[in-house]
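If you read the sequence shown in our numbering, its first letter stands for residue 278, the second for the next number, and so on.
Glycine included, C-beta positions come from ideal geometry on N, C-alpha and C.
All of these numbers come straight from a predicted model, not from anything done at the bench.
Working notes, structure below.
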Amino acid sequence: MNDCIKISVIGRDGNKQDIEIPTDMGLNLMEGLKINELPVEGTCGGMAMCASCHVFVHSKDLISLERNEDEQAMLDDTEGVEDNSRLTCQIPISPELDGAIIELAPLSDSEDGQDDW
Ligand code: FES
Numbered sequence: 278m279n280d281c282i283k284i285s286v287i288g289r290d291g292n293k294q295d296i297e298i299p300t301d302m303g304l305n306l307m308e309g310l311k312i313n314e315l316p317v318e319g320t321c322g323g324m325a326m327c328a329s330c331h332v333f334v335h336s337k338d339l340i341s342l343e344r345n346e347d348e349q350a351m352l353d354d355t356e357g358v359e360d361n362s363r364l365t366c367q368i369p370i371s372p373e374l375d376g377a378i379i380e381l382a383p384l385s386d387s388e389d390g391q392d393d394w
């Protein structure tokens, strides 16, 4: 597919998987993970209000570590945040993200009930 980017996703079990996300549908990265059936809940629908789409960015050259105000406020209240933490719902899909590597953050207690991956 031409209008797709490839992202490598390290799951919560340490396994890596390459996924494709279309760049022409106005998606954010959280939605891109969901359409690839990865275990990201996106409970708040992408409003930076749940942190269920939290990942660690392993390719800072492709995905900025700069967080917007709402995202920072949510991450301030989230467990296990690292310097490379981002909320994927706040990352619009663009061709520049092609080849990026991210890692799903561990589930917090409030997200129990979802299988580890
Ligand atoms: S989907 Fe809720 S913070 Fe990203």
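Here residue 347 carries a helix assignment [DSSP, helix/strand/coil]. Of all alpha-carbon atoms in 382, 325 and 306, the one lying nearest the alpha-carbon of residue 347 is that of 325. The ligand FES never approaches residue 355 closely enough for any of its heavy atoms to be under 7 angstroms from the residue's Cβ.
Using a Cβ-Cβ distance cut-off of 8 angstroms, the stretch 359 to 375 and the stretch 339 to 346 are in contact, since at least three pairs of beta carbons, one from each stretch, lie closer than that value.
If you draw a straight line from the Cα of residue 312 to the Cα of residue 335, it comes to about 21 angstroms. The alpha carbon of residue 382 has as its nearest neighbour, out of 373, 339, 330 and 376, the alpha carbon of 330.
Nearest in C-alpha terms to residue 350, of all of 340, 327 and 372, is 327. The continuous beta strand (DSSP E) containing residue 297 extends over residues 293 to 299. Of the residues 333, 322, 337 and 300, the one whose Cα lies closest to the Cα of residue 282 is 300. When the five nearest sequence neighbours on each side are left out, the beta carbons in the same chain lying within less than 7 angstroms of the beta carbon of residue 372 are those of 282 and 300, in order along the chain. Just so you know, the alpha carbons of residue 357 and residue 379 end up roughly 15 angstroms apart.
In the three-state reduction of the DSSP assignment, residue 337 falls in the coil class, being assigned neither a helical nor a strand state.
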